[in-house]
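J.: Its first residue numbered 49, the sequence shown is counted upward by one per residue in my numbering.
My structure is below; once you've seen it, I'll send some questions.
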Amino acid sequence: MTETKTRLDLPPPFPDHTQLPESDGTFVKNFQEHPQSIILTDSIGQILQQLHPDGNYAIGQDCGIYWRETDPPEKGAEAPDWFYVANVPPLLNGEIRRSYVLWREFMAPTIALEFASGDGTEERDATALSISPEGETIKPGKLWVYERIIRIPYYGIYEIKTGKLEVYHWSDFSYQKLAPNERGHYPIATMGVELGLWHGSYQNQTQLWLRWWDNDGNLLLTGHERAELEKQRAEQEHQRAEQEHQRAEQEHQRAEQAEQKAARLAERLKAMGIDLEAEGLE
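Next up, the structure:
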């Protein structure tokens, strides 16, 4: 009896970041989005260097997180406005990341942030992935994907128009809304920082910005802010040195004036026949 073996073709491997679209072609929704991402990335750098001395972390700014394979591929991705992933290399095989592919790295972001141009309805959408009676795939909502599939520990929604900030923490398999602390900030425990709102000027825009603070309530500064602070400190130190120099000069002048006054007095007394040196009074 002869056994017939049937050749089975293996399915193609899931694509990696070089084989997936890096954009779904949508526009950035507001002018604040890019500077808002930059200020978050710039100011958190020193903290992340302390957390990751080996440099293994990645930050995505409006980049796709692929969580399922679809046709077209971009329908299987969500693109948070800002997210941070711990313990993954910033480059893949020496190449810049085009997207973050969950089935390749198996590491969920620690935090994802959305900058809502509207009222946050899209960002709070908890619609589950399902099939309609007509057989159409119902697109899942952002919150459902982040909460149920990717399971991102911290999820923040910042409504730019109203200045409202909500932060959720993944606990007991669902998102729980966090309450702000006494400073009005939201502690992000695994990062050792707090997230909150700051009113000030950045890149020629004066308004509310999403910012980081340390656990003592100190604002984490951008590189430009640190340089400006150092410049101010150097100027203040220079001013203190100048003031000290002026005080020393004034003391020297007073001493010289006193010495000259004493010499003139001695001369007058000597003219009157009183020699202070001979009298032993000097």
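No residue lacks a Cβ here, since even glycine has one placed at the ideal position from N, Cα and C.
I'd like the span of the alpha helix (DSSP H) that includes residue 87, first residue to last.
T.: Counting along the chain, the alpha helix (DSSP H) containing residue 87 begins and ends at 81–99.
J.: Taking the straight line between their C-alpha atoms, what separation do you get for residue 141 and residue 271?
T.: Each residue's alpha carbon lies about 29 Å from the other.
J.: Spell out whether any CB of chain B is found under 7 Å from the CB atom of residue 261.
T.: Within the model displayed, chain B is absent; a lone protein chain is all it includes.
J.: With contact counted as at least three CB pairs below 8 Å, one residue from each stretch, are the segment 100–109 and the segment 129–136 in contact?
T.: Enough Cβ pairs lie closer than 8 Å, so yes.
J.: Taking the alpha carbon of residue 79 as the point to measure from, which residue in 318, 235, 147, 209 has its own alpha carbon closest?
T.: Among 318, 235, 147, 209, the Cα nearest to that of residue 79 is on 209.
J.: With DSSP run on the structure shown, which of helix, strand or coil describes residue 118?
T.: Here residue 118 sits in coil by DSSP.
J.: Examine the Cβ distances between the segment 227–238 and the segment 254–268 and report whether three or more of them are shorter than 8 Å.
T.: Judged by Cβ distances under 8 Å, the segment 227–238 makes contact with the segment 254–268, as three or more pairs qualify.
J.: Tell me the DSSP bridge mates of residue 185?
T.: In DSSP, residue 185 forms a bridge with 179.
J.: Check whether the segment 114–126 touches the segment 80–96, counting contact only when three or more Cβ pairs, one atom from each stretch, lie closer than 8 Å.
T.: Judged by Cβ distances under 8 Å, the segment 114–126 makes no contact with the segment 80–96, as fewer than three pairs qualify.
J.: My output table needs one value for residue 269: the three-state DSSP class, helix, strand or coil.
T.: Note: residue 269 maps to coil in three-state DSSP.
J.: So what does DSSP say about residue 317, is it helix, strand or coil?
T.: Three-state result, residue 317: helix.
J.: For the candidate residues 229, 126, 201, 211, whose alpha-carbon lies nearest to that of residue 220?
T.: For residue 220, the nearest C-alpha among the options comes from 201.
J.: Any idea what DSSP makes of residue 198, helix, strand or coil?
T.: Residue 198 falls in the helix class under three-state DSSP.
J.: Going by DSSP, name the residue or residues bridged to residue 288.
T.: None; residue 288 has no bridge partner.
J.: So, using beta-carbon positions, are residue 207 and residue 248 closer together than 7 Å?
T.: Against a cut-off of 7 Å, the Cβ pair of residue 248 and residue 207 comes out as no contact.
J.: When DSSP builds the beta bridges, which residues end up paired with residue 126?
T.: Per DSSP, 113.
J.: To the nearest angstrom, how far is it from the Cα of residue 180 to the Cα of residue 189?
T.: Distance between the alpha carbons of residue 180 and residue 189: 15 Å.
J.: Going by C-alpha to C-alpha distance, which of 193, 198, 196, 205 sits closest to residue 130?
T.: Measuring from the Cα of residue 130, the nearest candidate turns out to be 205.
J.: Looking at C-alpha atoms only, which residue of 243, 266, 238, 273 is the closest neighbour of residue 250?
T.: Checking every option, the nearest Cα to that of residue 250 belongs to 273.
J.: Does the separation of the CB atoms of residue 176 and residue 151 fall below 7 Å?
T.: Not in contact: residue 176 and residue 151 (Cβ atoms no closer than 7 Å).
J.: DSSP three-state label for residue 162, please.
T.: Strand.
J.: Give the DSSP-derived three-state secondary structure of residue 256 in the structure shown.
T.: DSSP places residue 256 in strand when its eight states are reduced to three.
J.: Excluding the five sequence neighbours on either side, which residues of its own chain have a C-beta within less than 7 Å of the C-beta of residue 240, listed in chain order?
T.: Excluding sequence neighbours, residue 240 sits near 95, 263.
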